[in-house]
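Residue numbers (this note's numbering): 2 to 254.
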């Protein structure tokens, strides 16, 4: 059974399980994409990665969407990581959806490039040339969006893409989800879209299943809007929908 409510401007929906939640989010994103294509002949989207996005991406690639009219960006990538590494976000997106749906254009954040400053500036330039119709994101256990962990998050960041240091809770989450054999293998830096870059999206779909995220979800909805929990800023965006399952909603009032 679905439950809905709003906190500030943030629309929240709770579903019985991750599969139903993922399908509902995919319906919403597909509808948003198709409206953009109908309006202007194309759509620009951002995709997230991680365990939280499994059911959403599985459902999204089954929806009736003309991917030949879509340009895709993604949120982040580890510094120095090749796209053949099991934990690479580029590899994740290629294998889970992009190779299958074959969009018109894909812009990848190449974390293993030698000239990272040029790579990040070029990516920022392309983002600004392609106004995002819908950003599909998640929330980390530490309340981050993309890799904007509390110590580095900046609601007024002048950059749209930057190199960030990952905090300990973020690195522990990546290890805990099984992407790396040991904590020492988890990178300490990553390329990430900044919070202003994400908030410039016309629509944001935020998918957050799992009891591990329950504390972050509670803080997102009820804490003071601050970088102590970066996801709180979503309450100020004009059109964000937060999709939860029962497990991630266990601490809500």
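We put the CB at the ideal spot given by N, CA and C, even for glycine.
To which residues of the same chain is residue i closer than 7 Å at the C-beta, ignoring the five residues directly before and after it?
| i | result |
| --- | --- |
| residue 38 | 44, 67 and 70 |
| residue 52 | 178 |
| residue 103 | 68 |
| residue 124 | 108, 110 and 162 |
| residue 152 | 168 |
| residue 85 | 92 |
| residue 97 | 58 |
| residue 25 | 14, 16 and 244 |
Rounded to whole angstroms, what is the Cα-Cα separation between residue i and residue j?
| i | j | result |
| --- | --- | --- |
| residue 5 | residue 114 | 43 Å |
| residue 1 | residue 79 | What is shown of the chain runs 2 to 254, which leaves residue 1 out entirely. |
| residue 95 | residue 118 | 24 Å |
| residue 199 | residue 105 | 21 Å |
| residue 64 | residue 91 | 22 Å |
| residue 100 | residue 227 | 38 Å |
| residue 87 | residue 93 | 8 Å |
| residue 182 | residue 42 | 44 Å |
| residue 29 | residue 253 | 23 Å |
| residue 247 | residue 15 | 6 Å |
| residue 159 | residue 188 | 25 Å |
| residue 146 | residue 241 | 13 Å |
| residue 31 | residue 55 | 16 Å |
| residue 176 | residue 116 | 28 Å |
| residue 120 | residue 229 | 29 Å |
Give a yes or no on whether the C-beta atoms belonging to residue i and residue j are separated by under 8 Å.
| i | j | result |
| --- | --- | --- |
| residue 59 | residue 23 | yes |
| residue 235 | residue 221 | yes |
| residue 213 | residue 166 | no |
| residue 144 | residue 210 | no |
| residue 46 | residue 138 | no |
| residue 11 | residue 243 | yes |
| residue 156 | residue 193 | no |
Since residue i is in the beta strand (DSSP E), which residue starts that stretch and which ends it?
| i | result |
| --- | --- |
| residue 206 | 204–209 |
| residue 163 | 162–166 |
| residue 15 | 11–16 |
| residue 243 | 241–246 |
| residue 250 | Residue 250 -> no beta strand (DSSP E), and no H or E assigned at all. |
Since residue i sits in a beta bridge, which residues does DSSP pair it with?
| i | result |
| --- | --- |
| residue 190 | 166 |
| residue 74 | 47 |
| residue 29 | DSSP lists no partner for residue 29. |
| residue 4 | 15 |
Output needed for residue i: all residues of its chain with C-beta closer than 6 Å, excluding positions within five of it in sequence on either side, in chain order.
| i | result |
| --- | --- |
| residue 34 | 44 and 66 |
| residue 180 | 88 |
| residue 217 | 140, 142 and 144 |
| residue 83 | 113 |
Is it the case that the CB of residue i approaches a heavy atom of the ligand SAM more closely than 7 Å?
| i | result |
| --- | --- |
| residue 24 | With respect to small molecules bound, the structure shown includes none, and the ligand SAM cannot be examined in it. |
Could you please give the first and the last residue of the uninterrupted alpha helix (DSSP H) stretch that includes residue i?
| i | result |
| --- | --- |
| residue 226 | No alpha helix (DSSP H) holds residue 226; DSSP gives it neither H nor E. |
| residue 123 | 117–130 |
| residue 196 | 196–200 |
Any C-beta of chain D sitting closer than 8 Å to the C-beta of residue i?
| i | result |
| --- | --- |
| residue 98 | As a matter of chain content, chain D is missing from the structure shown, which is built from one protein chain. |
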